[in-house]
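Going line by line, the protein sequences match chains A and B.
Note that the UniProt record's numbering numbers the first sequence so that position 33 is 33, with each residue one more than the last.
Note that the UniProt record's numbering numbers the second sequence so that position 98 is 98, with each residue one more than the last.
All C-beta atoms, glycine included, are put in the ideal place defined by N, C-alpha and C.
Take a look at the structure set out below.
Protein chains: 2
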Amino acid sequence: MGMPQLTRNQSLVLGALSHSEGPMSAYTILDKLRDQGVRAPLQVYRALDKLLEYGLVHRLESINAFVACTCPHEHEHDHGVTAFTICEGCGQVTEFHDEAIEQRLAVLVRGQSFKTEKTTIEIRGHCKSCG
Amino acid sequence: MGMPQLTRNQSLVLGALSHSEGPMSAYTILDKLRDQGVRAPLQVYRALDKLLEYGLVHRLESINAFVACTCPHEHEHDHGVTAFTICEGCGQVTEFHDEAIEQRLAVLVRGQSFKTEKTTIEIRGHCKSCG
DNA sequence: ATCAATTGCGTTATGCTATAACGTGTGCGA
DNA sequence: TCGCACACGTTATAGCATAACGCAATTGAT
């Protein structure tokens, strides 16, 4: 369950996401990588699955898109919940972590005897520049 | 921006959701309502759009599905953030609200000079029964 | 009363997102 | 060297959502 060398497709996908200003859909990634020999959606989705598993990429559930993690090193020792602000003007995504929210959620969920596997926190709106 | 009488399609869709154990996709709702004359996805999606606007229904972004709001009366005076636990075993969805989380998020977002329009908090895992 | 604007309806067609199912190739340990 | 695990590539299909058209009913200002 470590993080092996990335394969060619995984590197291409991570590269595309890292060099992008904002989040991209799997099909947008596909388009960007056609010149480099990526032809089918599955090639992208399979790479994304691994990158998600390694914590190098996040999926934004509310917009069906993906972003490169902004602090991949920290994810090696699995920081808990990741939250995002997503600007609907310029697409800028900001990732953040907060202990207080995490603990409060843990308390609430515990009260339901619910066992958390994946937590999604996404805030859509407009960033400073987009007013 | 009030809440007028529901139209036939809106009532049918809300009824289907209310009588369901768990969340349903738009296409599942469509299937349940074919006998009652609903034939096309758009009829369902248009009804859902209005029901979401009125606060009678929530969209679960992480699973592309919809649930009836469990406290529609409270939404008349727009309670802020709604959070959900979603059991991947039995599909049970529990809606909850928490002032502390809401305020903490407000602070963090303010720090970015970000203006929130819609907040999504969804926790997937397993409920008490599904261990 | 009438016309215009608004809103919902119904239909067809289409687009976007994601996965199923199949077979190939490659590396590596028993 | 056999068998397993894993990544790859391709075709096909499933699942989610909206565009664009025209019709009908309602409302409301003139």
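Using C-beta distances below 6 Å, list every residue in its chain close to PRO72 of chain B, excluding the 5 sequence neighbours before and after it, in chain order.
For the purposes of this step, residue 72 of chain B is identified with residue 72 of the second sequence, where counting begins at 1. Cβ neighbours of PRO72 of chain B within its own chain (closer than 6 Å, five residues either side excluded): LEU56.
Inter-residue CB distance, residue 134 of chain B and ILE86 of chain B (contact presumed, cutoff 8 Å):
Past the edges of chain B, shown from 1 to 131, lies residue 134 of chain B, and the structure says nothing about it.
Could you please give the first and the last residue of the uninterrupted beta strand (DSSP E) stretch that includes residue 132 of chain A?
Shown here, chain A extends from 1 to 131; a query on residue 132 of chain A therefore has no answer.
Evaluate LEU42 of chain B with the Cβ neighbour count: other Cβ atoms within 10 Å of its Cβ, from every protein chain shown; 16 or more gives buried, anything less gives exposed.
On the second sequence, residue 42 of chain B is found 42 positions in, with the first residue counted as 1. Exposed, by the Cβ-count rule.
Let me know if LYS128 of chain A comes out buried or exposed under the rule of 16 or more other beta-carbons within 10 Å of its beta-carbon.
Reading the first sequence from its first residue, position 128 is the one you call residue 128 of chain A. It counts as exposed.
Check whether the Cβ atoms of LEU33 of chain A and ALA47 of chain A sit closer than 7 Å, and answer yes or no.
As a position in the first sequence, residue 33 of chain A is number 33, starting the count at 1. As a position in the first sequence, residue 47 of chain A is number 47, starting the count at 1. Not a contact, by the Cβ cut-off of 7 Å.
As assigned by DSSP and simplified to three states, the class of residue 149 of chain B:
Because chain B in this structure spans residues 1 to 131, residue 149 of chain B falls outside the shown range and cannot be described.
Candidates A:LEU52, A:ILE101, A:SER62, of which the one nearest MET3 of chain A by Cα:
Working through the first sequence from its first residue, we reach residue 3 of chain A at position 3. If we check each option's Cα against that of MET3 of chain A, A:LEU52 comes out closest.
Considering only C-alpha positions, which residue in the set B:ARG110, B:ALA100, B:CYS130, B:ARG104 is nearest to SER113 of chain A?
Indexing the first sequence from 1 puts residue 113 of chain A at position 113. Nearest C-alpha to SER113 of chain A among B:ARG110, B:ALA100, B:CYS130, B:ARG104: B:CYS130.
What residues match up with ILE63 of chain A in a beta bridge as DSSP calls it?
The residue you call residue 63 of chain A lines up with position 63 of the first sequence. Beta-bridge pairing links ILE63 of chain A to no other residue.
Can you list the alpha helix (DSSP H) stretches of 4 or more residues lying completely in the segment 81-116 of chain A, in chain order?
Correct list: 99-111.
Check VAL57 of chain B in the structure and name its three-state DSSP category.
Indexing the second sequence from 1 puts residue 57 of chain B at position 57. DSSP places VAL57 of chain B within a strand segment (E or B) once states are collapsed to three.
Where do the N-terminal and C-terminal ends of the alpha helix (DSSP H) with ASP31 of chain A fall, by residue?
Looking up residue 31 of chain A in the first sequence gives position 31. For ASP31 of chain A, the uninterrupted alpha helix (DSSP H) run begins and ends at 26-33, by DSSP.
Quick check on VAL67 of chain A: buried or exposed, where buried means 16 or more other Cβ atoms within 10 Å of its Cβ?
Taking the first residue of the first sequence as position 1, residue 67 of chain A is located at position 67. Buried, because 16 or more other Cβ atoms sit within 10 Å of the Cβ of VAL67 of chain A.
Using 7 Å as the limit for Cβ to Cβ distance, is HIS126 of chain B near chain A?
Residue mapping note: residue 126 of chain B aligns to position 126 of the second sequence, counting from 1. Chain A contact via Cβ: present.
Can you pull out the residues from the segment 88-111 of chain A whose beta carbon lies closer than 8 Å to at least one beta carbon of chain B?
For the segment 88-111 of chain A, the set of positions with a beta-carbon nearer than 8 Å to some beta-carbon of chain B reads GLU88, THR94, PHE96, ASP98, ALA100, ILE101, ARG104, LEU105, LEU108, VAL109 in chain order.
Span separating the alpha-carbon of GLY111 of chain B from that of GLU88 of chain A:
Within the second sequence, residue 111 of chain B is the residue found at index 111, counting from 1. Within the first sequence, residue 88 of chain A is the residue found at index 88, counting from 1. Rounded to whole angstroms, GLY111 of chain B to GLU88 of chain A spans 18 Å at the Cα level.
Pull out every residue of the segment 57-71 of chain A whose Cβ sits closer than 7 Å to any Cβ of chain B, in chain order.
The segment 57-71 of chain A vs chain B, Cβ under 7 Å: GLU61, SER62.
How many angstroms separate the CA atom of GLU61 of chain B from the CA atom of THR119 of chain A?
Numbered from its first residue, the second sequence carries residue 61 of chain B at position 61. Numbered from its first residue, the first sequence carries residue 119 of chain A at position 119. Taking the Cα positions, GLU61 of chain B is about 12 Å away from THR119 of chain A.
Whose Cβ in chain A lies nearer than 7 Å to the Cβ of SER113 of chain B?
Stepping through the second sequence from its first residue, residue 113 of chain B is reached at position 113. Near SER113 of chain B (Cβ distances below 7 Å), the residues of chain A are LYS128.
In angstroms, rounded to a whole number, what distance separates the CA positions of LEU30 of chain A and THR82 of chain A?
Here the question's residue 30 of chain A lines up with position 30 in the first sequence. Here the question's residue 82 of chain A lines up with position 82 in the first sequence. The straight-line gap from Cα to Cα measures roughly 26 Å.
Leaving out five residues before and five after ASN9 of chain B in sequence, what residues of the same chain have Cβ atoms less than 6 Å from its Cβ?
Within the second sequence, the letter at position 9 stands for residue 9 of chain B. Only residues of its own chain outside the window of five on either side were considered, and among them GLN43, ALA47 have a CB closer than 6 Å to the CB of ASN9 of chain B, listed in chain order.
So THR70 of chain A and PHE84 of chain A are in contact, right, with Cβ under 8 Å, and what is the actual spacing, rounded?
Taking the first sequence and counting its residues from 1, one reaches residue 70 of chain A at position 70. Taking the first sequence and counting its residues from 1, one reaches residue 84 of chain A at position 84. A Cβ-Cβ distance of about 10 Å is found for the pair THR70 of chain A and PHE84 of chain A, leaving them out of contact under the 8 Å criterion.
Helix or strand or just coil, what does DSSP make of ALA47 of chain B?
Position 47 of the second sequence, counted from the first residue, corresponds to residue 47 of chain B. ALA47 of chain B falls in the helix class under three-state DSSP.
Could you name the residues of chain A that THR82 of chain B contacts, counting a contact when the two beta carbons are closer than 8 Å?
The sequence position of residue 82 of chain B within the second sequence is 82, counting from 1. Within 8 Å Cβ-Cβ: nothing; THR82 of chain B doesn't reach chain A, min ~12 Å.
Cβ-Cβ distance between GLY37 of chain B and GLN92 of chain B below 7 Å
In the second sequence, counting from the first residue as 1, residue 37 of chain B sits at position 37. In the second sequence, counting from the first residue as 1, residue 92 of chain B sits at position 92. Judged by beta-carbon spacing, GLN92 of chain B lies beyond the 7 Å limit of GLY37 of chain B, meaning their Cβ atoms are not closer than that value.
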